[in-house]
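Engineer: Residue numbering for the sequence shown follows this note's numbering, starting at -10 and increasing by one per position. Ideal Cβ placement from N, Cα and C applies to all residues, glycine included. Remember, predicted model here, so these are calculated numbers, not experimental data.
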Amino acid sequence: MKRIGLFLWTLATAIALWAGEEKDLQLASPDGTHRIAFWQKTVSPGVNELCYRVDYKGKTVLGESRAGLDMDNRVWEMALGERSLKQPDCWMDNLEVDSVSYFPLADRTWHPLYGERSTVRDCYRSATMYLSKKDGSQYRLNIEVRAYNEGIAFRYYFPEHPKAIFHKVVADLTEYTFPAGSMAWAEEWAQARFERLAVGDIRRPVERALTLELPGGIWAALADADVDDWCLTKFVASDKKSNTLTSVMYSPVDIVTYYATPWKVIMAADRPGDLLEHNDIIQNLNPPCAIADADQWVKPGKIMRETTITTEGAIATIDFCAEHRIPYMLFDWKWYMPCTSHDGDATKVVPEVDMPRVVAYGREKGVDIWLYVNQHALMKQARELFPLLREWGIVGVKSGFVQYASHRWATWLHDLVRLAAENHLLMNIHDEFRPSGFSRTYPNLLTQEGICGNEEFPDATHNTILPFTRMINGAADYTICYYDKRLKNTHAHQLAASLIFYSPLQTIFWYDRPSFYQGEPEIEWFEHLQTVFDDSKVLSGEPGKGIVMARRKGEEWFVAAMTNNEGSQQTVDLSFLDKGKPYLAYIYTDGGEEVKTRTHVRCTYLLVDASQRLHFTLQPRGGAAIRLVPATGEETGKYKKYRKNMKL
């Protein structure tokens, strides 16, 4: 059946192709599930169009879609002596396919400094299509393609131009034509709420990762990777072709060849959770770590904000952090003033904060200090400021209100991370910036916002969409709130969010102060919570409905279940545990008024094993968190075993 499917797919593609077979590119993933084809067809005399399609398990993910870029090099051509070149309507029109090369299977594993899993497999088949112009311009373009078991990736590569003509990319022509009836979970900006829209109803540009539900039970996602020298690109519905998204570049991009564009990523899966589990494809498409000594000073961990911007408040917060295993404290904005003006000076601390005393006290307690710095000061002072912050003993910078979308600001912001690395400073980029794997290359960028997080108090349904959409991109600083009265969701939901929303720098107690804590026993969850893991699994879930997720660190497992605004029944299958070994489960659920604490979180301790399934009735906007630790002999005699009819 598999061979027949491959034959039919190849035959259907060959019928659609205009160029000769030897000039068409056809590539399958190592397991044969993902397939992509590129070909060129003539749409009118002298006008060629590059096309591609993607299938998953024999079903269409993308039908015939246009590929390519448009450029306006006329001024540069004339300036460099090429003044007689004919200008086609579109730069791609007079490119011709010369050949296609296929390369041996690549299969390697590597170990990230931190991540959702400690071992990453990078396995793919690859091919390159070579195109050139025959008009004497000496322009060439390569299409580099990789087929992973997790998805398809391709990018445009410009070999070095022999006459050094600069290239000005003015449009991304890449289209994505989905089967009729495909629905997308769309957001207009990185910190927006989501809408579930038909592809043709996406009338304003929307963000990556874009997750779609296709007819026939297929889930798909569009993402990107290796974007540090490019502009923001979004998607909008085509006004010429049904069920098709077109690419929208925020700004032109000026390049000097040789040059590779970012990777375009198309993932497909049977379950929406597989899209999140497979997001290592984005890391794999970025260069390896460029910081030789990163393992010596790049340290993930939890962080708490100090909200009073005073020495006394900082001392109290450091004490709280030390007591509750939080290794970092943040002074957010207003530790220098004015912090949103070019007249601000981030080398001068407000009188209310004795920075040397705070840093020294934090070090005594094992708590290091981060500082927020606005773009105004970063633009003006970064080269002076970063060495100074290191001299002060500051370990990290949270950059705020930074531009990122145009080519200019994208390169500026990524170069800022490089400058931070030179000064052994960690970074957390806030506001609209969202990841595309750059932290593999510069792991001092621990996390970033680019998410409608807890500081905006989104509802539970929004939170159940995020794991299957935004979190595909990578880490997100969701800024977990806990005691704030403005929360729309339960406290057990908040506990679950701290595991589900992966971030190597996990912000907790965002709007809180040490004095808000009144001995609530479930805070032990935050004390033991890890921020990097050896393995991560999505056990179940769909966007807008709920999610159950498990992450392992060493022998301990952390599990979280999160529901939407309506509530739901959730089952946690423990078969991922080691067989034949008892575990002590620390279970945190919403207990209602029966639990006489402000947070109403019930703490339950039971013995479980891999043969069992835990059943939860999650109240509207609720959740559950579970820590699973191999049980000692003493504990097996002390705690009750979980029974199927137990109320959780």
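Just checking, does the region 421 to 439 make contact with the region 529 to 539 on the three C-beta pairs under 8 Å criterion?
Structural biologist: The region 421 to 439, when compared against the region 529 to 539, does not touch it at the 8 Å Cβ threshold.
Engineer: How would you label Gly388, buried or exposed, when you count the other beta carbons within 10 angstroms and need 16 or more for buried?
Structural biologist: It is worth fixing the name first, because residue 388 is Ser in this sequence and not Gly. Classification for Ser388: buried.
Engineer: Taking His267 as the reference, which of Gly290, Arg379, Met326, Glu139 has the closest Cα?
Structural biologist: Glu139
Engineer: Using DSSP's beta-bridge definition, name the partner residues of Asp96.
Structural biologist: Cys112, per the DSSP bridge assignment.
Engineer: Tell me whether Gly(-6) sits in a helix, a strand or coil according to DSSP, three-state version.
Structural biologist: Low local confidence applies: a pLDDT of 38 at Gly(-6) is under 50, so the model's placement there is unreliable, with the coordinate-based value given in what follows. Correct three-state label for Gly(-6): helix.
Engineer: Please classify Arg185 as buried or exposed, where buried requires at least 16 other C-beta atoms within 10 Å of its C-beta.
Structural biologist: exposed
Engineer: Return the CA-CA distance between Trp381 and Thr306, expressed in angstroms with no decimal places.
Structural biologist: 19 Å
Engineer: Quickly, what does DSSP pair His156 with across the bridge? List them, please.
Structural biologist: Ile244
Engineer: I think Leu414 touches Arg372, with their Cβ atoms under 8 Å apart; what is that distance to the nearest whole Å?
Structural biologist: No, Leu414 and Arg372 are not in contact; Cβ-Cβ is about 13 Å, not under 8 Å.
Engineer: Using the three-state DSSP reduction, which class does Trp401 fall into: helix, strand or coil?
Structural biologist: In this structure, Trp401 counts as helix in the three-state DSSP scheme.
Engineer: Is the region 39 to 58 touching the region 79 to 90 in the sense that three or more CB pairs, one from each, lie closer than 8 Å?
Structural biologist: yes
Engineer: Measure the beta-carbon distance from Ala464 to Ser492 and round it to whole angstroms, keeping in mind my assumption that it falls under 8 Å.
Structural biologist: Ala464 to Ser492, Cβ: 5 Å. Contact.
Engineer: Out of Glu509, Trp219, Met238, state which residue places its alpha-carbon closest to the alpha-carbon of Val225.
Structural biologist: Met238
Engineer: Mind checking Val245: buried by the 16 CB within 10 Å criterion, or exposed?
Structural biologist: exposed
Engineer: Is DSSP giving Asn273 helix, strand or coil here?
Structural biologist: helix
Engineer: What whole-angstrom Cβ distance do Glu295 and Gly302 have, given they're in contact under 8 Å?
Structural biologist: 5 Å
Engineer: Do Ser115 and Leu16 have their CB atoms nearer than 9 Å?
Structural biologist: yes
Engineer: Could you check if Pro204 is buried or exposed, using at least 16 other CB atoms within 10 Å of its CB as the buried criterion?
Structural biologist: It counts as exposed.
Engineer: Quick one: grab the DSSP three-state call for Gly52.
Structural biologist: strand
Engineer: Take every Cβ of the region 589 to 596, pair it with every Cβ of the region 549 to 562, and state whether three or more of those distances are shorter than 8 Å.
Structural biologist: No contact exists between the region 589 to 596 and the region 549 to 562.
Engineer: Which two residues bound the contiguous beta strand (DSSP E) that contains Asp308?
Structural biologist: Per DSSP, Asp308 belongs to no beta strand (DSSP E); it is in the alpha helix (DSSP H), 300 to 312.
Engineer: Quick one: is Thr49 buried, meaning 16 or more other Cβ sit within 10 Å of its Cβ, or exposed?
Structural biologist: buried
Engineer: Consult DSSP for Gln29 and reduce its assignment to one of helix, strand or coil.
Structural biologist: Judged by DSSP in its simplified three-state form, Gln29 adopts strand.
Engineer: Which residues in the same chain have their Cβ closer than 6 Å to the Cβ of Thr647, if we skip the five residues on either side of it in sequence?
Structural biologist: Because the chain is modelled from -10 through 637, residue 647 falls outside the range shown and cannot be assessed.
Engineer: Which residues bound the alpha helix (DSSP H) around Ser18?
Structural biologist: Run containing Ser18: none; DSSP gives neither H nor E here.
Engineer: Does the Cβ of His156 have 16 or more other Cβ atoms within 10 Å, making it buried, or fewer, making it exposed?
Structural biologist: His156 is buried by the Cβ-count criterion.
Engineer: Examine the Cβ distances between the region 464 to 480 and the region 538 to 545 and report whether three or more of them are shorter than 8 Å.
Structural biologist: no
Engineer: CB Tyr594 to CB Ala613, shorter than 9 Å?
Structural biologist: no
Engineer: Three Cβ pairs or more, each shorter than 8 Å: is that satisfied between the region 332 to 340 and the region 353 to 368?
Structural biologist: yes
Engineer: Name the two residues that bound the continuous alpha helix (DSSP H) containing Tyr165.
Structural biologist: No alpha helix (DSSP H) holds Tyr165; the beta strand (DSSP E) holding it covers 164 to 166.
Engineer: Counting Cβ pairs closer than 8 Å, one from the region 621 to 636 and one from the region 494 to 513, do we hit at least three?
Structural biologist: No contact exists between the region 621 to 636 and the region 494 to 513.
Engineer: Say whether the region 268 to 280 touches the region 151 to 165, bearing in mind that this needs 3 or more beta-carbon pairs closer than 8 Å, one atom from each stretch.
Structural biologist: no
Engineer: Enumerate in chain order the residues of its own chain whose CB-to-CB distance from Thr300 is below 8 Å, with the five nearest sequence positions on each side excluded.
Structural biologist: Glu341, Val342, Asp343, Arg346, Val347
Engineer: Which one or two residues does DSSP pair with Cys40 in a beta bridge?
Structural biologist: Looking at the DSSP assignment, Cys40 forms a beta bridge with Trp28, Arg55.
Engineer: Excluding the 5 residues flanking Arg352 on each side, which residues of the same chain have their C-beta closer than 8 Å to its C-beta?
Structural biologist: Gly382
Engineer: In the DSSP assignment, what residue or residues form a beta bridge with Thr552?
Structural biologist: Gly535
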